[in-house]
Amino acid sequence: MAQFFKASRTNKQNNKVIKHCQIDKLDHQARGMLFHQNKPLFVEGGLIGEVLDVSIEEDKKRYKKASIIKIHKASELRITPHCQHYQECGGCHLQHIEQSAQIEIKQQGVLSLFERFAKYKPEYLEATLQSDAWAYRRCARFGVLYDKKTKKVQMGFRRSKSSELINQQICPVLKPALSQLILPIKALLNQLQGKAALGHIELVEAENTVAVLLRHLKPLSEQDVQLIIAFSEQHQLQFYAQSSPTTITCLTTEHQLSYSLPEQDCQFGFNVDDFLQVNAVVNEKMVMQAMNWLALNETDQVLDLFCGLGNFTLPIAKIAKQVVGVEGIQKMVDRATENAKHCQINNAQFYQADLSDLNALNAQWSKQEYNKILLDPARAGAAECMAFVANKKPTHIVYVSCDPVTLARDSQLLLEQGYKLDKLGLVDMFPQTAHVESMALFVKNK
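Just so we're aligned: 224 in the numbering used here is position 215 of the sequence shown, and the numbers increase by one with no gaps anywhere.
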């Protein structure tokens, strides 16, 4: 039976329809691919073997992008999306695919990227680190917009390929404690006198509470503050108001936000605006795997680059002789230092350095000897650090990546410097999305 889709918004000049085209393969972002007029054509939501009618949205010099109008022949992998907002929301892109198939697609994407960018084809992947497919996300940011016509506040994620907000009711990938707050918070915002001067809102589930961070562009009135306090007491929240990028005030009784890694007996304090791994279950598995791959012992001198709050550093310090963590953001360095003290760890030191700046690699911490190194960079990767890492000649290098393209690129230098890729595995931190995280272990060739 033919299935119909609501076409995405397109410019009038780009609304050419291609009928009965067949998807040949998927790219690393799980988009359907075929060739049309000697260009790769990417179809969001298309699956291998499907026969579709599509509408061209972009026609660039080297590629085209299209959206599905009609499915004539559906793949056996296609399922009914779970979320009512799936067709319009820009958050999830893979809900039309069963989770095990999502993982297989991501695995193939990682392998193909290594072959393309690192000029090396791994023989196999380690078992994927994964969690439940739903209700896994412990933090989220929603857009907030005041509609002058209706005089109502809209709150939700962005529409796919748009700056507009959807009319968010639920979000099934969020932890239930967060998803069930969406409608009550939206109602609260519409009661505020200052509702026309709000920015965005963030929700975070800590171990001991749920925290809310509201960005406001003008001072909140006393009446608004009292409304927020009453709402927070009703829902047992810690509520923070952010008047500028550097000014955050807790409007309620404040307790230290925290999360734990029970296996390593480590607790991490964090602030409401700190970076946090969104999937707690996968994070625990990821830390455990990194420690196992490093093959830690009590004589190790370990360097943890892009260390954040000490998510890897502190568990490693429980075993190694010494660990040095380096992070670009000073407040994260301060927090990691506090976390080490709280956990009674005295063999971990933390330093601030911009690791994209080669001059930073001449600091005192960089002159120490390290026999094992862990990296956990942002999506941009760690290109500037790779020569430094290789020159330290560690026996083990664990690279935790949130973009397989930059991991494959950065791996090339290590392979050229006599390291071999010993292990490679997928880290499914974001089920239902095309986002791919992975972990690689490099060891020195004997």
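Where a beta carbon is used, it is the ideal one built from N, C-alpha and C, also for glycine.
Where does residue i fall in DSSP's three states?
{"i": "Lys204", "result": "helix"}
{"i": "Glu113", "result": "helix"}
{"i": "Ile257", "result": "strand"}
{"i": "Met448", "result": "strand"}
{"i": "Val182", "result": "coil"}
{"i": "Gly264", "result": "Note that residue 264 is His in the sequence shown, not Gly. Coil at His264, not helix or strand."}
{"i": "Thr89", "result": "coil"}
{"i": "His244", "result": "helix"}
{"i": "Ala357", "result": "strand"}
{"i": "Asn301", "result": "helix"}
{"i": "Thr137", "result": "strand"}
{"i": "Phe126", "result": "helix"}
{"i": "Met395", "result": "helix"}
{"i": "Arg146", "result": "strand"}
{"i": "Gln12", "result": "Caution is warranted here: a pLDDT of 39 is assigned to Gln12, below 50, making its placement in the model unreliable, and the coordinate value is therefore given only provisionally. Strand, per DSSP."}
{"i": "Val26", "result": "strand"}
{"i": "Asn366", "result": "Here residue 366 turns out to be Asp, not Asn, going by the sequence shown. Asp366 falls in the coil class under three-state DSSP."}
{"i": "Glu231", "result": "helix"}
{"i": "Gly99", "result": "coil"}
{"i": "Pro49", "result": "strand"}
{"i": "Asn288", "result": "strand"}
{"i": "Val281", "result": "coil"}
{"i": "Asp156", "result": "strand"}
Given that a residue counts as buried once 16 or more other Cβ atoms are within 10 Å of its Cβ, and exposed if not, what is residue i?
{"i": "Ser109", "result": "exposed"}
{"i": "Lys376", "result": "exposed"}
{"i": "Asp309", "result": "buried"}
{"i": "Tyr72", "result": "exposed"}
{"i": "Asn217", "result": "exposed"}
{"i": "Ser171", "result": "exposed"}
{"i": "Phe284", "result": "exposed"}
{"i": "Ala136", "result": "exposed"}
{"i": "Thr442", "result": "buried"}
{"i": "His94", "result": "buried"}
{"i": "His102", "result": "buried"}
{"i": "Ser253", "result": "exposed"}
{"i": "Glu53", "result": "buried"}
{"i": "Ser17", "result": "Low confidence applies to Ser17: its pLDDT is 43, below 50, so where it sits in the model is not reliable, and the reading given next is rough at best. Buried."}
Which whole-angstrom value is the C-beta distance of residue i and residue j, which I expect to be below 8 Å?
{"i": "Lys227", "j": "Ala206", "result": "4 Å"}
{"i": "Gly334", "j": "Ala345", "result": "6 Å"}
{"i": "Leu138", "j": "Gln116", "result": "In fact, because the Cβ distance is near 12 Å, the residues do not count as touching under 8 Å."}
{"i": "His29", "j": "His105", "result": "At roughly 20 Å, the Cβ-Cβ gap does not stay under 8 Å, so His29 and His105 are not in contact."}
{"i": "Glu66", "j": "Ala75", "result": "6 Å"}
{"i": "His91", "j": "Val445", "result": "Wrong, their Cβ atoms sit about 21 Å apart, outside the cutoff."}
{"i": "Lys455", "j": "Tyr428", "result": "With 8 Å as the limit, Lys455 and Tyr428 do not qualify as a contact, their Cβ atoms being about 11 Å apart."}
{"i": "Lys327", "j": "Gln273", "result": "6 Å"}
{"i": "Tyr145", "j": "Pro440", "result": "6 Å"}
{"i": "Met448", "j": "Val409", "result": "5 Å"}
Less than 8 Å between the CB of residue i and some heavy atom of the ligand MG, yes or no?
{"i": "Phe248", "result": "In the structure on display, the ligand MG does not appear, and there are no ligands present to speak of."}
With the cut-off set at 9 Å, would you say residue i and residue j are in Cβ contact?
{"i": "Ile325", "j": "Val342", "result": "no"}
{"i": "Asp313", "j": "Asp385", "result": "yes"}
{"i": "Gln243", "j": "Arg224", "result": "no"}
{"i": "Glu393", "j": "Leu416", "result": "no"}
{"i": "Tyr360", "j": "Ala349", "result": "no"}
{"i": "Leu56", "j": "Ile78", "result": "no"}
{"i": "Leu187", "j": "Ala215", "result": "no"}
{"i": "Ala329", "j": "Val407", "result": "no"}
{"i": "Arg168", "j": "Gly278", "result": "no"}
Just checking: is the beta-carbon of residue i within a distance shorter than 9 Å of some beta-carbon in chain C?
{"i": "Ser230", "result": "The structure shown contains no chain C; it is built from a single protein chain."}
The segment 432-445 / the segment 385-402 touching (three or more Cβ pairs under 8 Å): no
Three or more C-beta pairs below 8 Å linking the segment 187-198 and the segment 258-266: no
Using 8 Å as the threshold, is the segment 259-278 in touch with the segment 288-303, meaning 3 or more CB pairs across them? yes
Examine the Cβ distances between the segment 172-180 and the segment 215-235 and report whether three or more of them are shorter than 8 Å. no
Are the segment 348-357 and the segment 380-395 in contact at 8 Å, needing three or more beta carbon pairs? no
Pairs of beta-carbons, one from the segment 149-161 and one from the segment 117-125, closer than 8 Å: are there three or more? no
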